[in-house]
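Notes for the one structure printed next.
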């Protein structure tokens, strides 16, 4: 966390100098000097990042010492800024006679100078340590943790179907060289599956020779090649890599079909030199490889085999085999045993670790104890389990490590909304500046990388394939908690079982606190009477459900955490005090309550980036009284009720940065507002009859959206009914920006003939029509539109007849038909769309389902001819005979 702390403070001070230089009047030279010293320290830490910190004696402690000094500098600056902001609000005539304030300025200047001296001393102090360990760069230590075994043949459970799939891919396919990559998170059993396939009689019969090579993270190219060559000859000495490659190629050319298994691959480069050992032929040679990283596996073949988690039933079978071997399990252990197996979430490594904890446990009481303390056993019962995960963790960049560990601040087993996680990462200062990307895009790259390394699981995706929710596996969750504790990344406030006392780790440099809402009242009542926790910068209260509870003690938060920058109490009803607005460092606020308006004093939060408001009456309009246009760092405003925005004042030379307005009222859709919100990327509009006026207007209304040159995602929702009214859209191609990729209509009751106007939007990739967005029984899709559409979603419509062909949707990949209970047929011409990959039907007419089956059959026939991609049809309820 030393690197994160330094990087964050440097960026913070630079922003301060650019945007609010007047606040640091009197200490500006000292702040600039501190920035220069921190940049030198940052370079030092960059060199230090090459050190193996587990083997460099004293280095971990040195990094903590550096981090703590940087925290002290941040604290000094933050305290001063609170005073400076208050001083700035004093009447101008009184500013220069505010003697106590200028005394504080002098004291802060002296404090910063003292910190600068300490920073320089640390650089000298640890320079020798850096030089002494420079040669021990992250060759990542060649000693790797002992691999936990899953692979006794009688213990392989639940891999039969997986193995058959891989075997069929290896035996079938073309006569060219092909690779079959097996990918999954640490401990999922990739090597076990590969070994099962490798030893299968079908494989040994089909392939002339089968060679197994352990590659590992610290592989050596020459050693990998020699491992293959020694299968053919014992003469291995004094050969170059080129000579070894040529010799292997000769041997492989003499025999029949060959299979080479590369286990535990970490580097894409392995594919480049392994494929050269195969002679050009039509024998159908194969490579099977295992990796925990998608990017590495895709270098071998983009069609990767993703290993699935075990079912609860198979998890229990594996646990029983590992604990009892050939003995039987007593009936009284069945219930706690199945609960334990289920909590392993289908990860074989977790099951093996827990099985080790259960060995020798004979009574139900002992098993129930293990059940209650699963997290402790997953990590503490076997250190190699920790090391198994740490191999992947160690390879992450320092800021990505913080992002990964931060996932454990959410409750165990919680499906984390991606947009929320990204906003929190940014507010915490984990995402570094990148001149080529927005900070949100950079954070998305980090999340995608964590999922590709199989450290974060994708739980659900949007219709266009983006990550919607994610989670970390329980075993990785325990690893994150332990590592975060060592790094002082955050503290979890807990309550000891059967006691009222709170358990809080004793740390002088805790910056983040997370707590369950069930013990929040106890926490607030206890700590509101104690000295302020000035070190804490984040307070998050996460629960898996909205509690709707209100607590008067929440009014004391500003006293407990005076320098807080992240406040997430979304699960609670929050109440404000006038002193709450003194928390000027807040970057992220998420709360709920009985609110009809956003108070004007919110304008004081000049650092605020993300604001999330959930009202208890989402059907009514939320009036935004705060001048959001003066909050120049505000980028995301999320509300569950339509927000009525304030009118902007005169234009300024400082551009508004708002990217997200999740829900605004139709009356706020004006040229004056949109011309100020030019950075807007995501916009939601919701209302009742005013939406109809907005849609039908040829002047104003939708036409004002032309001001939004960066808009990518637009959602228009109507809560009202337009009985007897026909709405005709203007020509949207001249109104909506060319950047628009996603468009959603809900409840708008437009005529199907209006779809031709949407078809002219050349950049439109995702179109969602929800809750009777369009009405009528007949839709004949016109030619010449939807040239870029990838996803079409139609939900709850009275449509009966739909005529279309592949020429109407030339690029369509996914079609979703939800609750289309009157639709009698799906256009069969859609089967001729080359890129169509998926169709999903829920609660749809049985005749339409029959048409979908016919499309599926045709797509499979085309696949056999290798003229089309794979196709997936999902029908719910399965084999529905509804309607």
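Numbering (UniProt numbering), first residue to last: 1 to 883.
Idealized CB from N, CA, C, for every residue including glycine.
Here the structure is a predicted model, which means the values were calculated and not measured.
Check	Outcome
Give me whichever residues DSSP pairs with residue 477 in a beta bridge.	DSSP lists no partner for residue 477.
Below 8 Å, how does it come out for the stretch 686–694 and the stretch 714–733: are there three or more Cβ pairs, yes or no?	yes
Going by CA-CA distance only, name the one from 62, 23, 10 and 18 that's closest to residue 40.	10
Tell me where the beta strand (DSSP E) around residue 302 begins and ends.	No beta strand (DSSP E) contains residue 302, which DSSP labels as neither H nor E.
For residue 240 and residue 249, what's the separation of their Cα atoms in angstroms?	14 Å
Less than 6 Å between C-beta atoms, sequence neighbours within five positions excluded: which residues of the same chain meet that for residue 546?	Residue confidence for residue 546 is low, a pLDDT of 48 falling below 50, so the modelled location carries little weight; the figure read from the coordinates is stated next. For residue 546, where only same-chain residues beyond five positions count, the Cβ hits under 6 Å are 571.
Let me confirm a value: residue 762 is counted as buried when at least 16 other C-beta atoms fall within 10 Å, else exposed. Which label applies?	exposed
Return yes when the C-beta of residue 210 is under 8 Å from any heavy atom of the ligand SAH, and no when it is not.	With respect to the ligand SAH, the structure shown offers nothing to examine, as it has no ligands at all.
Run through DSSP, which three-state label would residue 152 get?	In this prediction, residue 152 has a pLDDT of 45, which is less than 50 and means its spatial position is unreliable; nothing more can be read from the coordinates.
Taking the continuous beta strand (DSSP E) assigned at residue 190, which residues delimit it?	Counting along the chain, residue 190 falls outside any beta strand (DSSP E), though it belongs to the alpha helix (DSSP H) covering 190–198.
Tell me whether residue 568 sits in a helix, a strand or coil according to DSSP, three-state version.	strand
Ordered along the chain, which non-local residues of its own chain (more than five positions away) have a Cβ less than 6 Å from that of residue 175?	282 and 284
Taking the continuous alpha helix (DSSP H) assigned at residue 228, which residues delimit it?	221–229
Near residue 675, which residues of its chain fall below 7 Å by C-beta distance, leaving aside the five closest residues on each side in sequence?	707
Excluding the 5 residues flanking residue 233 on each side, which residues of the same chain have their C-beta closer than 8 Å to its C-beta?	247 and 251
Please give the ranges of any beta strand (DSSP E) in the stretch 280–329, keeping only runs that are unbroken, at least 3 residues long and fully inside the region.	286–291
Using only the alpha-carbon positions, how far apart do residue 99 and residue 87 sit?	11 Å
I need the straight-line Cα distance from residue 875 to residue 663, nearest angstrom please.	32 Å
Between 582, 701, 453 and 218, which lies nearest to residue 673 when the distance is taken from Cα to Cα?	701
Residues bridged to residue 844 by DSSP?	None; residue 844 has no bridge partner.
Would you say the stretch 363–372 touches the stretch 472–479, given that touching needs at least three Cβ pairs under 8 Å?	no
Can you round the beta-carbon distance between residue 197 and residue 288 to whole angstroms, since I take them to be within the 8 Å contact cut?	7 Å
Where do the N-terminal and C-terminal ends of the beta strand (DSSP E) with residue 495 fall, by residue?	491–495
For residue 208, which residues from the same chain have a beta carbon less than 8 Å from its beta carbon, with the 5 sequence-adjacent residues on both sides left out?	255, 256, 257 and 258
Looking only at its own chain, which residues have a Cβ that is under 7 Å from the Cβ of residue 648, when we skip the five neighbours before and after it?	629, 672, 673 and 676
How about residue 455 and residue 393: do their beta carbons lie closer than 9 Å?	yes
Where does residue 111 land, buried or exposed, given buried means 16+ other C-beta within 10 angstroms?	buried
Output needed for residue 149: all residues of its chain with C-beta closer than 6 Å, excluding positions within five of it in sequence on either side, in chain order.	Here residue 149 scores only 44 on pLDDT, less than 50, and its place in the model should not be relied on; the value that follows carries that caveat. Here the set comprises nothing.
Just list the residues that DSSP pairs residue 588 with in beta bridges.	566 and 610
Just mark residue 183 as buried or exposed, buried being the case when its beta carbon has 16 or more other beta carbons within 10 Å.	buried
Please name the residue in 690, 669, 728 and 515 whose C-alpha comes closest to that of residue 703.	669
Return the chain-ordered ranges of every alpha helix (DSSP H) run that is complete within the stretch 327–411 and spans a minimum of 4 residues.	334–343, 348–358, 364–372, 374–380, 383–394 and 398–406
To the nearest angstrom, how far is the alpha carbon of residue 404 from that of residue 390?	12 Å
Would you give the residue range spanned by the alpha helix (DSSP H) that residue 251 belongs to?	241–254
Excluding the five sequence neighbours on either side, which residues of its own chain have a C-beta within less than 7 Å of the C-beta of residue 122, listed in chain order?	65, 66 and 69
With a Cβ-Cβ cutoff of 9 Å, do residue 586 and residue 626 count as a contact?	no
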